[in-house]
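What follows is a short report on a single structure.
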Amino acid sequence: EAGVAQSPRYKIIEKRQSVAFWCNPISGHATLYWYQQILGQGPKLLIQFQNNGVVDDSQLPKDRFSAERLKGVDSTLKIQPAKLEDSAVYLCASSLGLGETQYFGPGTRLLVL
Amino acid sequence: SQQGEEDPQALSIQEGENATMNCSYKTSINNLQWYRQNSGRGLVHLILIRSNEREKHSGRLRVTLDTSKKSSSLLITASRAADTASYFCATARGGSNYKLTFGKGTLLTVNP
């Protein structure tokens, strides 16, 4: 069974530039999550979708971050404009439904210079 | 904000020894989960214990939960070099807004 796919794996940008990350969840998983993991810390939930609807985005910095999940499958997370403090690993996860075991992708490591 | 706090922050042991990591949290939970993260396999779910359970086993893993003390422990028995990783506890509150809140993790190093 294919796992959660993410791209790119690495990205280096300058502050004030924009960047986008892509996630393809496990087939059949209704719930999709985006987490931010800063070095030395645990993952922090940014947004979670149930099919193509947002369940929780309370910790998403909406002035610069946006996410969408069109057709309830793939998802993209965008940062515009990026700040130095956005340097982190961005993890995508999916689960069959809310409350089910979450499966994580390999992450995208972002460095903002 | 991060609800779970793991203790210790780092732990170094010899292969074959047991490793114990603790997690404390602040609010009531639906369940508590432990995850492992290393560079090779990313973040992987290990075990889930529900708020009405006190102990759970999975292979060499043993998890306990004390809701009165708002704490949990993860015991890895007969550790192996491959167990070297960061271990995170994550708490889940129930209801329609179900979401996981991770702690900062314990870095476990198992020396061959």
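Quick note, the sequences are listed as chains E and V, same order.
In this text, residue positions in the first sequence follow my numbering: the first is 13, and each later residue adds one.
In this text, residue positions in the second sequence follow my numbering: the first is 80, and each later residue adds one.
A virtual CB, placed ideally from N, CA and C, is assigned to each residue, including glycine.
| Check | Outcome |
| --- | --- |
| Rounded straight-line distance, which links the Cα of V/Thr188 to that of V/Ala89 | 8 Å |
| Within-8 Å CB hit, E/Phe116 to chain V | yes |
| Beta-ladder partner(s) of E/Lys90, from DSSP | E/Ala32, E/Ser78 |
| Segment contact, 8 Å Cβ cut-off, at least three pairs: the stretch 57–75 of chain E with the stretch 22–35 of chain E | no |
| Interface partners of V/Tyr177 on chain E, CB under 7 Å | Leu110, Gly111 |
| Contact with chain V by E/Asp68, beta-carbon distance below 8 Å | yes |
| For E/Arg121, the nearest candidate out of E/Thr43, E/Ala42, E/Leu51 (CA to CA) | E/Leu51 |
| For E/Lys23, the first and last residue of its enclosing beta strand (DSSP E) | 22–25 |
| Alpha-carbon spacing of V/Tyr114 relative to E/Asn63, whole angstroms | 25 Å |
| Buried or exposed (CB count within 10 angstroms, at least 16 for buried), V/Ser80 | Low local confidence applies: a pLDDT of 47 at V/Ser80 is under 50, so the model's placement there is unreliable, with the coordinate-based value given in what follows. Result: exposed. |
| Collapsed DSSP secondary structure at V/Gly121 in the structure displayed | strand |
| Burial state of E/Tyr22 (16 or more Cβ within 10 Å) | exposed |
| Where V/Asp145 falls, given that 16 or more other Cβ within 10 Å makes a residue buried | exposed |
| Within 8 Å, strictly: CB atoms of E/Ile59 and E/Ser106 | no |
| CB contact below 8 Å: V/His124 versus chain E | yes |
| Residues of the stretch 117–145 of chain V whose Cβ lies closer than 8 Å to any Cβ of chain E, in chain order | Gly121, Leu122, Val123, His124, Leu127 |
| Neighbourhood of E/Thr43 by C-beta, 6 Å cutoff - its chain only, sequence neighbours within 5 removed | Gln62, Ser107, Gly109, Leu110 |
| Closer than 8 Å to chain V by CB, E/Pro20 | no |
| Euclidean distance between Cα positions of V/Ile126 and E/Leu82 | 32 Å |
| One or two residues paired with E/Thr120 in a DSSP bridge | E/Tyr102 |
| Cβ-based burial, E/Gly65 [other Cβ within 10 Å; buried from 16] | exposed |
| Residues near V/Asn97 by beta carbon distance below 8 Å, same chain, minus five either side | Leu154, Ile155, Thr156, Ala157, Ser158 |
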